[in-house]
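S.K.: Okay, handing you the structure first.
2 protein chains.
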Amino acid sequence: MKQPRIVKDLIQDQTASLTPADRQVSDVLLRDYPVAGLKSITKIADAAGVSTPTVIRLARKLGFEGFPELQDALRDEASARIKQPIRKHERWPEERGDSPRFRDFAEAVFDNLSATIDRLDPATFDKIARVLNDRRRRIFLTGGRITRSNADYFYNHLQIIRPGVTLLSQSPNVWPQYLLDMNGRAVLILFDVRRYERDLARLAQLAKDRGAVIILFTDQWGSPISKIADHVVNAMIEVPSSWDSTIAINLIIEALIAEVQSRRWDAAKDRIEALEDMFKSTRIFRKKP
Amino acid sequence: MKQPRIVKDLIQDQTASLTPADRQVSDVLLRDYPVAGLKSITKIADAAGVSTPTVIRLARKLGFEGFPELQDALRDEASARIKQPIRKHERWPEERGDSPRFRDFAEAVFDNLSATIDRLDPATFDKIARVLNDRRRRIFLTGGRITRSNADYFYNHLQIIRPGVTLLSQSPNVWPQYLLDMNGRAVLILFDVRRYERDLARLAQLAKDRGAVIILFTDQWGSPISKIADHVVNAMIEVPSSWDSTIAINLIIEALIAEVQSRRWDAAKDRIEALEDMFKSTRIFRKKP
DNA sequence: TATACGCTGTAACAAAAGCTACAGAATTGG
DNA sequence: CCAATTCTGTAGCTTTTGTTACAGCGTATA
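Keeping their order, the protein sequence lines are chains A and B. Per this note's numbering, numbering of the first sequence is gapless, rising by one per residue and ending at 422. Per this note's numbering, numbering of the second sequence is gapless, rising by one per residue and ending at 422.
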């Protein structure tokens, strides 16, 4: 029904039938296209040196209901132009027999990923990578009910890359003993998305009190731990599901792993090779007779 | 006098001192940045699910006189971005002499996701969802060294949605006892990506012999288990890193969770509600009236 | 020169946007 | 548990915006 119209083309097409005043308006619109048209009608009329009704008349001539509709079209164009190239993946092959649910889901994930990347402060990423790269630091990780898997995944890799990495036990009642080891050299990596968990907040506070560096992975709204964390990564987690998606968190985790590993390749290499050897020599599981 | 302020940075800087409602607004603003903020205050408030005064309060917190001033800043940013399309995403390298490693990584992930979706047969997806949805079946999950976390993540959700879900212990030497329970009604979900593990293959064969349905999540090349698996999902895992990326696998997992949950909402609902009651977690988000 | 007609601005007005004050709700701290 | 504090929405208000009606102006044509 209402397909997107490119205002610039509409002006081009009608250029012949435009009156002098119309032209002054369209000049203004095209000069800083399409953003100029996103100001108020008064400002535009002013900038063009015409009256506001003239602007409305132009909008009508271009086929819009009124000025706000013209503005909507311009806003859409601005949005489309600004969207990162990375977002272009959103096009979907039509012929695929996917259920619309799957399609919507996947599209939401793409959306979340680009928004998360967009929102991530490069400096934060860099600082986190630097902290993780510091061999003198001890690293502790834990997460909430769901995000525990993310912590686990991160731990899995970190622990291979560098020494001094610990995944906290799942039960909060044994956390205090880990706290003993958390001094100014410690780093506590926490995962806390909505349905924020009190235990995690308490742990964070205690660790902070002992001087640990807190790195938090949370959602777009931010766990209460944000207030005391040294570095915060906000990931978009909403998808059309009754569950949240932690894929954006995973992206940052994997990117961090890649970053840390590449910064200290030599050191990590030895550890990995040693590990490979050990895995080869322990084969416990045997086929049963 | 009026130096241009980058709204995104202002939000980033203040992120800790923002209230939940503020965050919902900033979330909307950042999602389609900066164009989303060029709509009327009413529309924005609506989209964020908050009242208009909240939007004004956020604008003030960010240091603006009122909403129109915030909007002016956003408009300037939009204009600037459109004028220099090349410099758009390049805050990455410029910032600190950072290599565009992160960007390359992210782009590889996007490619992997699209390719994985492309390659995934909708019928396979459907069949897997159907199997998972069958309450009479018992479900067992396990993965390899790295993919164990993925199995864990899947388990976490499945176990909440439906009964009869078991995550195999990490050590292969206790696997045989699980095999006792794997009959024709059993489903074994395996994760095996390159550096394919022999133990997993053996487990798969034994389970198959006992009549279990095998669902395999593997990489683009395919674990040897592919030959005997009933359903196989191939995910693209290569990224510019010395590690592989399991994000594409996660996407399919999450999509399956969403699918299964929505197919049997009633049954799952009770379980989840019961669980919610058991967990005492902070309630941050209010339901909209 | 008269007059018809399109172009444009002025002025008045309805709609909406933006803002303020206040009170109820939620959260925090004792 | 209650008091203090913070957060947030409602209702009402002012301002601005978008719109309409109309009248003046200029030009073209008879």
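Idealized CB from N, CA, C, for every residue including glycine.
Return the chain-ordered list of same chain residues with a C-beta closer than 8 Å to the C-beta of Ala337(B), the five sequence neighbours on each side being excluded.
M.R.: Within the same chain, Ala337(B) has close Cβ partners Leu321, Leu323, Ile347, Leu349, Ile358, Ile361 and Ala362.
S.K.: Which of helix, strand or coil does DSSP assign to Arg271(A)?
M.R.: Note: Arg271(A) maps to strand in three-state DSSP.
S.K.: With a threshold of 7 Å on Cβ separation, who are the neighbours of Val393(B) within its own chain once the five nearest residues in sequence on each side are excluded?
M.R.: So the qualifying residues of the chain are Ala262, Leu265, Asn266 and Ile294.
S.K.: Are there three or more Cβ pairs, one per stretch, closer than 8 Å when the region 280–300 of chain B is compared with the region 279–288 of chain A?
M.R.: Cβ pair count under 8 Å is three or more, so yes.
S.K.: How would you list, in chain order, the residues of chain B whose beta-carbon sits under 8 Å from the beta-carbon of Asp160(A)?
M.R.: The premise fails here: Asp160(A) is roughly 16 Å from chain B at the closest Cβ pair, so nothing lies under 8 Å.
S.K.: Taking 9 Å as the CB-CB limit, is Val183(B) close to chain A?
M.R.: Answer no: the Cβ-Cβ gap between Val183(B) and chain A never drops below 9 Å.
S.K.: Could you name the residues of chain B that Gly355(A) contacts, counting a contact when the two beta carbons are closer than 7 Å?
M.R.: Chain B residues near Gly355(A): Thr148 and Arg156.
S.K.: At a cut of 8 Å, does the region 378–392 of chain A reach the region 194–205 of chain B through at least three beta carbon pairs?
M.R.: Output reads no: the region 194–205 of chain B does not touch the region 378–392 of chain A.
S.K.: Considering Ala337(A), what are the terminal residues of the alpha helix (DSSP H) in which it resides?
M.R.: Element bounds for Ala337(A): Arg331 to Asp342.
S.K.: For the beta strand (DSSP E) containing Phe350(A), list its first residue and its last residue.
M.R.: Looking at the DSSP string, the run of the beta strand (DSSP E) that includes Phe350(A) is Val346 to Asp352.
S.K.: Can you list, in chain order, the residues of its chain with a C-beta nearer than 8 Å to that of Val188(A)? Leave out the 5 residues immediately preceding and following it.
M.R.: Val158, Ile174, Ile177, Ala178, Ala181 and Phe200.
S.K.: Is there a Cβ from chain A that is less than 9 Å from the Cβ of Leu143(B)?
M.R.: Cβ-Cβ to chain A under 9 Å: no for Leu143(B).
S.K.: In chain A, which residues lie with their C-beta within 8 Å of the C-beta of Ser282(B)?
M.R.: Going along chain A in sequence order, the residues near Ser282(B) (Cβ under 8 Å) are Ser282, Asn283, Asp285, Tyr286 and Asn289.
S.K.: Pick helix, strand or coil for Val242(A), following the three-state DSSP scheme.
M.R.: The answer is helix: DSSP assigns Val242(A) an H, G or I state.
S.K.: Give the straight-line distance between the Cα atoms of Leu301(A) and His364(A), rounded to the nearest whole angstrom.
M.R.: The alpha-carbon atoms of Leu301(A) and His364(A) are separated by roughly 19 Å.
S.K.: Any C-beta of chain B sitting closer than 9 Å to the C-beta of Arg295(A)?
M.R.: Judged by the 9 Å Cβ criterion, Arg295(A) is not in contact with chain B.
S.K.: With a threshold of 9 Å between beta-carbons, can Arg234(A) be considered close to chain B, or not?
M.R.: Yes, contact with chain B.
S.K.: Roughly how many angstroms lie between the CA atoms of Phe243(B) and Leu151(A), to the nearest whole one?
M.R.: Near 46 Å, if we compare the C-alpha coordinates of Leu151(A) and Phe243(B).
S.K.: Might you give, ordered along the chain, the residues of its own chain that have their beta carbon closer than 6 Å to the beta carbon of Ile139(B), omitting 5 neighbours on each side?
M.R.: Correct list: empty, nothing qualifies.
S.K.: Going along the chain, which residues of its own chain have a beta-carbon closer than 7 Å to the beta-carbon of Arg269(B), five neighbours each way excluded?
M.R.: Correct list, in chain order: Arg318.
S.K.: Arg190(B) to Thr379(A), Cα distance in whole Å?
M.R.: So the two alpha carbons sit approximately 30 Å from each other.
S.K.: Which residues share a DSSP beta bridge with Thr299(A)?
M.R.: DSSP, once it has assigned bridges, lists Phe273(A) as partnering Thr299(A).
S.K.: Rounded to whole angstroms, how far is the Cβ of Gln147(A) from the Cβ of Lys194(A), which I believe are closer than 8 Å?
M.R.: With a Cβ gap of about 6 Å, Gln147(A) and Lys194(A) count as contacting.
S.K.: Could you give the DSSP three-state label for Ala368(B): helix, strand or coil?
M.R.: If DSSP states are grouped into helix, strand and coil, Ala368(B) belongs with the strands.
S.K.: Where does the unbroken alpha helix (DSSP H) through Arg362(A) begin, and where does it stop?
M.R.: According to the sequence as given, residue 362(A) is Ala; it is not Arg. No alpha helix (DSSP H) holds Ala362(A); DSSP gives it neither H nor E.
S.K.: Would you mind telling me which residues of chain A sit closer than 7 Å to Ile380(B), beta carbon to beta carbon, in chain order?
M.R.: Ile380, Asn383, Leu384 and Glu387, listed in chain order.
S.K.: Anything in chain B within Cβ reach of Glu240(A), meaning under 7 Å, just list it in chain order.
M.R.: Correct list: empty, because the minimum Cβ distance to chain B is about 10 Å.
S.K.: Can you pull the DSSP bridge partners for Ile322(A)?
M.R.: The partner list for Ile322(A) (beta bridge, DSSP) reads Leu274(A) and Ile348(A).
S.K.: Ala211(B) touches chain A at which residues, Cβ-Cβ below 7 Å?
M.R.: Near Ala211(B) (Cβ distances below 7 Å), the residues of chain A are Val168, Ala211 and Ile215.
S.K.: Measure the C-alpha to C-alpha separation of Val298(A) and Gln310(A) and round it to an integer number of angstroms.
M.R.: Rounded to whole angstroms, Val298(A) to Gln310(A) spans 15 Å at the Cα level.
S.K.: Which bits of chain B does Arg208(A) rub up against, with CB to CB less than 8 Å?
M.R.: Near Arg208(A) (Cβ distances below 8 Å), the residues of chain B are Val168, Leu171 and Lys172.
S.K.: Would you say Val372(B) reaches chain A, if we count a Cβ-Cβ gap shorter than 9 Å as a contact?
M.R.: Cβ-Cβ to chain A under 9 Å: yes for Val372(B).
S.K.: Between the alpha carbons of Leu163(A) and Leu143(A), how many angstroms are there, rounded?
M.R.: Each residue's Cα considered, the two are about 12 Å apart.
S.K.: Using a Cβ cut-off of 9 Å, pull out every chain A residue sitting near Asp165(B), in sequence order please.
M.R.: Near Asp165(B) (Cβ distances below 9 Å), the residues of chain A are Ser212, Ile215, Lys216 and Ala248.
S.K.: List the endpoints of the continuous alpha helix (DSSP H) containing Lys176(A).
M.R.: Segment Ile174 to Ala181, the alpha helix (DSSP H) holding Lys176(A).
S.K.: Taking only beta-carbon atoms, is Asp342(A) less than 9 Å away from chain B?
M.R.: It does not; no Cβ of chain B falls within 9 Å.
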